[in-house]
Structure formats: C-alpha cells, structure tokens
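Down below is the structure, laid out as structure tokens.
In this note's numbering, the protein residues as written are 435 to 755.
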C-alpha cells in the first residue's frame with residue numbers, strides 16, 4: 435500500500451513540475467511578442483506589378499531571416515476583395531501594414547480603418563485620398579508626366595496631335611496626366627486628340643488603341659502612363675500599318691521597352707518608376723512594427739528620363755520586368 439502511495443506521489447510531483455516548466459517555456463518563447471507585417475497588394479503574375487509582388491515577398495523574407503519579423507501577404511483582383519483582405523489583417527492584429535491600393539478612392543476608407551485600429555500604415559505607389567498613411571513610398575508621378583510632356587514638346591517642336599493612354603482611377607493616373615498636360619499646355623500647337631484608359635494592361639491598351647486608330651486619321655505621338663501599356667499600343671500601331679506615328683513613350687523601366695529604345699523601336703523613351711520601391715516600403719513597415727520612428731513620411735523616387743543616350747546604364751538582360 436505504501437509503495438502504491440509513493441508511486442502516486444512521485445507521479446503527481448512530476449506532473450506539477452511539467453506544468454510549471456510548460457508555463458515558463460511559454461513566457462520565454464516570445465510567441466506573444468512576435469511581430470508581424472501585413473502586406474496587401476493587387477494580384478499579378480507578370481509585368482510591373484508581378485515584379486513588385488516578387489520584390490515585396492523577397493524583402494519580407496529577408497527581414498524575417500534577419501529580424502525574426504513574420505509577414506502575411508494577400509493579393510486581390512478588385513477593390514472589394516482587397517478591402518476584405520485588409521479587414522482580415524486588422525483582425526489578426528498585425529503590427530504594421532503595407533498597402534498598395536488598387537483604387538485610391540475605394541481603399542481610402544480602408545486606410546482610415548487601419549489608422550483607427552492604431553496600426554502603422556505604409557502606402558506604396560498609389561496614394562489614398564486621406565491622411566491615413568503613416569508613410570508614403572512612391573515614384574515621382576507628376577514628374578513622369580512633366581518630363582514626358584517636355585519630351586513631346588521638344589521632339590514635336592511644339593506642334594502635334596497626341597494620344598494619351600492612362601491608367602485606372604487612382605492617384606498615379608491623375609498625377610501623371612496632370613503633369614503631362616501642364617508641360618504641353620503652354621504650347622498652342624499641341625493637341626490631345628484622344629485620352630482613354632488602358633487600365634495598366636497590355637491587352638486592354640491594345641484594344642483601346644485599335645479603336646483610337648480607327649477614329650483618328652492623324653496621330654503624331656502617343657503618351658502612355660505605363661510600359662506595359664506602351665507595348666500594347668505599339669502592337670496595335672504595327673497591326674494597323676500606321677506610319678504617321680513618330681514615337682511612343684512609357685513609364686516604369688521594363689526590359690522590353692529598354693530594348694525598343696536601344697534598337698530604335700517605336701518606343702523611344704520611358705521614365706523610371708521601379709517596382710523595387712516596395713522593398714523600401716517593407717523595410718519601413720518593419721521599423722514601424724518595432725516602434726521606431728520613420729526617417730521621413732514621404733519617400734519619392736526620381737522620374738529619370740531614359741532614351742537611347744543612356745539606356746545601357748539601366749538595361750539588364752536578366753531582369754524579370
């Protein structure tokens with residue numbers, strides 16, 4: 435009987451010690467203190483956005499390896515889905531969020547939700563219509579439009595019929611368009627004969643340009659707000675056999691566009707807007723998640739003009755974009 439009682443006492447003691455050891459390990463594991471960045475992006479598998487998504491994940495992995503900060507990436511094909519994605523990130527109580535809004539107006543209330551939840555917000559590329567963002571990382575969109583407009587005025591000697599292919603409704607589209615119109619506006623001989631959205635899509639821009647070519651018998655040059663759209667535009671021009679169009683410009687810095695510039699193709703200039711900008715956004719989000727103050731609240735990358743004179747400085751044959 436005494437032997438059985440001793441065994442029970444030993445077993446009970448072991449269970450108590452194990453339980454205490456379990457509690458200690460939970461407290462020292464740091465699981466409750468782990469930091470997580472939420473990253474909400476549009477969906478894409480190629481082009482500028484595809485390269486941006488790849489850069490975001492690569493940078494997030496690097497930060498996880500170096501600082502132990504976890505990350506969650508979501509991709510959405512429309513504003514409603516993206517809004518739901520962000521709601522989920524808020525519910526998960528992530529420590530910072532990187533957001534590239536599909537549409538500025540539609541995602542502005544979502545940005546405010548993030549702000550109201552006390553979560554630091556880094557907005558990349560397309561701005562919101564409120565001041566919910568803690569930090570904004572973007573290219574110089576107005577500068578792209580201004581530089582493109584100056585290029586058109588110079589190449590066309592201040593006189594020509596111009597087509598503008600824009601992006602969807604967001605801050606990027608508005609700023610690039612406004613900059614372009616500002617730069618050519620002082621030239622009485624410059625006329626925008628058509629302006630339509632190519633939705634930042636090569637395929638959509640091809641279709642839009644096909645319709646414009648049928649409606650406009652005379653076009654001197656085409657300003658596109660994106661390199662991918664420029665590729666769709668030049669395909670439409672080639673298929674239509676039009677030889678009146680002197681040049682097309684893009685924005686971004688894609689490999690195929692650099693090759694057109696280098697080889698004297700129809701795209702003669704583009705203006706840098708690198709998808710690697712998201713890396714800076716993810717780095718800043720990691721700093722904010724750790725409670726650090728950002729060095730600056732607006733990070734703006736220069737809209738460098740790339741023509742045949744300097745294209746070799748930027749062309750990378752191994753680039754995925």
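Ideal Cβ positions, reconstructed from N, Cα and C, are used throughout, including at glycine.
With contacts defined as CB atoms closer than 8 Å, residue 516 and residue 555 fail to qualify as a contacting pair. A direct Cα-Cα distance of roughly 7 Å separates residue 551 from residue 524. Restricting attention to 628, 754, 507, the CA atom closest to the CA of residue 531 is found in 507.
In the structure shown, the three-state DSSP call for residue 595 is strand. Of all alpha-carbon atoms in 598, 642, 648, 710, the one lying nearest the alpha-carbon of residue 625 is that of 598.
For residue 521, no beta strand (DSSP E) run applies; the uninterrupted alpha helix (DSSP H) run containing it begins and ends at 513 to 525, by DSSP. When the alpha-carbon of residue 473 is set against those of 637, 611, 715, 482, the nearest one is in 715.
Judged by DSSP in its simplified three-state form, residue 666 adopts helix. For residue 694 against residue 662, the beta-carbon gap comes to about 13 Å, at or over 8 Å, which does not count as contact. Runs of the beta strand (DSSP E) lying entirely within the stretch 483 to 514 and spanning at least 3 residues, in chain order: 504 to 510.
Between residue 748 and residue 475, the alpha-carbon positions lie close to 26 Å from each other. Around the Cβ of residue 500, a 10 Å sphere holds fewer than 16 other Cβ atoms; the residue is exposed.
About 5 Å separates the beta carbon of residue 685 from that of residue 705, a gap short enough to meet the 8 Å contact definition. By the Cβ rule, the stretch 566 to 574 does not count as touching the stretch 628 to 644, because fewer than three pairs are nearer than 8 Å. When C-beta atoms of the stretch 730 to 739 are compared with those of the stretch 664 to 682, fewer than three pairs fall below 8 Å, so the two segments do not count as touching. Between residue 712 and residue 489, the C-beta spacing is below 8 Å.
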